[in-house]
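Trainee: The following block contains the structure, expressed as structure tokens.
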Amino acid sequence: RAKAEGRGTWRLYDVEMDERQKDRRILQSALRQAVLRDEFRLEYQPLVNLADGRIVGAEALLRWQHPERGLLPPGDFIALAEDAGLIGQIGEWVLGQACREAANWPEHVGIAVNLSPLQFRDSGLVEIIDRALAQAGLAPGRLELEITETTMLETNSETVDALWQLHGRGVRVALDDFGTGYSSLSYLRRFPFDKIKIDRSFIRDLGYEKDDSSIVLAIIGLAERMGMVVTAEGVETPRQAEILNSYGCGQAQGYLFSRPVSAAVFGELLVTGTPLCPWQSVAEPLAR
Ligand code: C2E
Ligand code: MG
Ligand code: MG
Ligand code: MG
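Quick note: to get UniProt numbering, add 553 to the position in the sequence shown (first position is 1).
Put into structure tokens, the structure is as follows:
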């Protein structure tokens, strides 16, 4: 298409490419300083037990407080950090910070941390996690690691070994964004996941798209039979929550309950905000 539009288009495209390359390089060098300059923040999004609205945990979500560009979401810099070889260092900071914070919470409240596939390339991952837990004084059973199908796709026997070692310590492992990757089902045979997180693309049109209901119901049934907990991601409406609860989905996460918030605000939610059950006051009682 660009060819048909003539040479000028190509040149314009080149200029844009150059700009983007330059921007990437600038951002990468800033990223290199960011850990030292203490520019990363974690926000915490509640994980809610659907039946009663109680907070059972939080997912730690990384943000970068960029000196000029403001608070950047992970979509703006994680891939860049991976390309620049910085994700190991950043991920280690995330693990340490999340475990320290969670150690202040009641014992029944867990913490979930996202891991990049590249963190598994580091043979020291298990040690890094051991150290984060020990330094924070956090019981391993309160830490949940979220990995995606991509991690399992790029895996070798070492990844699975590391997962088994962590599993042996009582750390829980969740398969994130379930249903969006490749051959998800085969991963369920290779490792005993503790949890499946249903990607929010399946939740969005729940109640309007018949196929989405079938898929979500099937995932919940599968998880139940395999002894896994299910979390629905991206729950935004009372209707979605009500449907998920009627399907027997154990946990949910989404803007309906709370956006990701600072550690201080999450601490307040734990004291005053529970149960987060806005949907039960709005929804009709469920037909039994
Ligand atoms: P994820 O692990 O699937 O996290 C859920 C994402 O959905 C978060 O986006 C969260 O803010 C967003 N979300 C939660 N509830 C709702 C909702 O009701 N509606 C909508 N539209 N969105 C909702 P966020 O914080 O931008 O993170 C994006 C992704 O970045 C995460 O997806 C995760 O894959 C990655 N990520 C976040 N923190 C880290 C980290 O510390 N390390 C690594 N490697 N990746 C991270
Ligand atoms: Mg996640
Ligand atoms: Mg997810
Ligand atoms: Mg997702």
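For glycine and all other residues, C-beta sits at the position ideal for the given N, C-alpha and C. If you're wondering where the values come from, they're calculated on a predicted model, not measured in any experiment.
Can you list, in chain order, the residues of its chain whose CB lies under 6 Å from that of residue 667, leaving out five sequence neighbours each side?
Mentor: Hits under 6 Å: 699.
Trainee: State yes or no: is the C-beta of residue 703 within less than 8 Å of the C-beta of residue 745?
Mentor: No, Cβ-Cβ distance for residue 703 and residue 745 is not below 8 Å.
Trainee: Where does residue 749 land, buried or exposed, given buried means 16+ other C-beta within 10 angstroms?
Mentor: So residue 749 counts as buried.
Trainee: Should residue 730 be listed as close to ligand 1, given that the test is whether its C-beta is under 7 Å from any heavy atom?
Mentor: For ligand 1, at least one heavy atom lies less than 7 Å from the Cβ of residue 730.
Trainee: Could you please give the first and the last residue of the uninterrupted alpha helix (DSSP H) stretch that includes residue 635?
Mentor: Element bounds for residue 635: 631–636.
Trainee: When you compare only the Cα positions, how much space is there between residue 782 and residue 684?
Mentor: Taking the straight line joining both Cα atoms gives about 27 Å.
Trainee: By DSSP's criteria, residue 667 is part of a beta bridge. Which residues make up the other side?
Mentor: For residue 667, which the question treats as bridged, DSSP gives the partners 699.
Trainee: When burial is assigned at 16 or more other CB atoms within 10 Å of the CB, is residue 617 buried or exposed?
Mentor: Under this definition residue 617 is a buried residue.
Trainee: Compare the beta carbon distance of residue 648 and residue 681 with 8 Å and say whether it is the shorter of the two.
Mentor: Yes, the pair counts as a contact, with Cβ atoms nearer than the cut-off.
Trainee: In the DSSP assignment, find the alpha helix (DSSP H) that holds residue 712 and state where it starts and stops.
Mentor: Segment 710–722, the alpha helix (DSSP H) holding residue 712.
Trainee: For residue 738, which of 716, 772, 761, 816 has the nearest alpha-carbon?
Mentor: For residue 738, the nearest C-alpha among the options comes from 772.
Trainee: Among 710, 741, 810, 793, which has the Cα closest to the Cα of residue 778?
Mentor: When each option's Cα is compared against that of residue 778, the closest is 741.
Trainee: Would you say residue 719 and residue 726 are within 8 Å of each other, going by their C-beta atoms?
Mentor: Cβ atoms of residue 719 and residue 726: closer than 8 Å.
Trainee: Please report the Cβ distance between residue 788 and residue 775, rounded to the nearest whole angstrom; I am assuming they are in contact, meaning their Cβ atoms lie under 8 Å.
Mentor: Actually they do not touch by this definition, with Cβ atoms about 20 Å apart.
Trainee: Ends of the beta strand (DSSP E) at residue 824?
Mentor: That residue, residue 824, is in no beta strand (DSSP E); it is neither H nor E in DSSP.
Trainee: Quick one: grab the DSSP three-state call for residue 577.
Mentor: Helix.
Trainee: For residue 596, does the three-state DSSP call read helix, strand or coil?
Mentor: In the structure shown, residue 596 sits in a strand (DSSP, three-state: E or B).
Trainee: Shortest alpha-carbon distance to residue 814 belongs to which of 578, 594, 589, 640?
Mentor: Closest option to residue 814, Cα to Cα, is 594.
Trainee: Could you name the residues of the same chain whose beta carbon sits closer than 6 Å to that of residue 837, not counting the 5 residues immediately before and after it, in chain order?
Mentor: Legend: pLDDT at residue 837 = 47, less than 50; position of this residue unreliable, no value from coordinates given.
Trainee: What does a CB cutoff of less than 7 Å around residue 686 pick up in its chain, not counting 5 residues either side in sequence?
Mentor: Cβ within range, chain order: 652, 693, 696.
Trainee: Helix, strand or coil: how does DSSP classify residue 567 here?
Mentor: Looking at residue 567 - three-state DSSP - the assignment turns out to be helix.
Trainee: Spatial neighbours of residue 584 within its chain, please: C-beta separation below 7 Å, excluding the five flanking residues on both sides.
Mentor: Correct list, in chain order: 630, 633, 634, 637, 639.
Trainee: Please indicate yes or no: does the CB of residue 699 lie closer than 7 Å to some heavy atom of ligand 2?
Mentor: Yes, ligand 2 has a heavy atom inside 7 Å of this Cβ.
Trainee: Going by the beta-carbon positions, is the gap between residue 715 and residue 691 smaller than 8 Å?
Mentor: Not a contact, by the Cβ cut-off of 8 Å.
Trainee: What does DSSP give as the partner residue(s) for residue 784 in the beta ladder?
Mentor: 750, 804.
Trainee: Closer than 7 Å to a non-hydrogen atom of ligand 2 - does that hold for the CB of residue 612?
Mentor: Residue 612 Cβ: within cutoff of ligand 2.
Trainee: Under the criterion of a Cβ to heavy atom distance below 7 Å, does residue 750 qualify as lining ligand 3?
Mentor: Yes, since a heavy atom of ligand 3 falls inside the 7 Å radius drawn around the Cβ of residue 750.
Trainee: Thinking residue 599 and residue 809 are a contact (beta carbons under 8 Å), I'd like their distance in whole angstroms, please.
Mentor: 10 Å between Cβ atoms; not a contact.
Trainee: Using the three-state DSSP reduction, which class does residue 798 fall into: helix, strand or coil?
Mentor: It is helical.
Trainee: So for residue 612, helix, strand or coil by DSSP?
Mentor: Of the three classes helix, strand and coil, the one that applies to residue 612 here is strand, per DSSP.
Trainee: Enumerate in chain order the residues of its own chain whose CB-to-CB distance from residue 675 is below 7 Å, with the five nearest sequence positions on each side excluded.
Mentor: Contacts found: 641.
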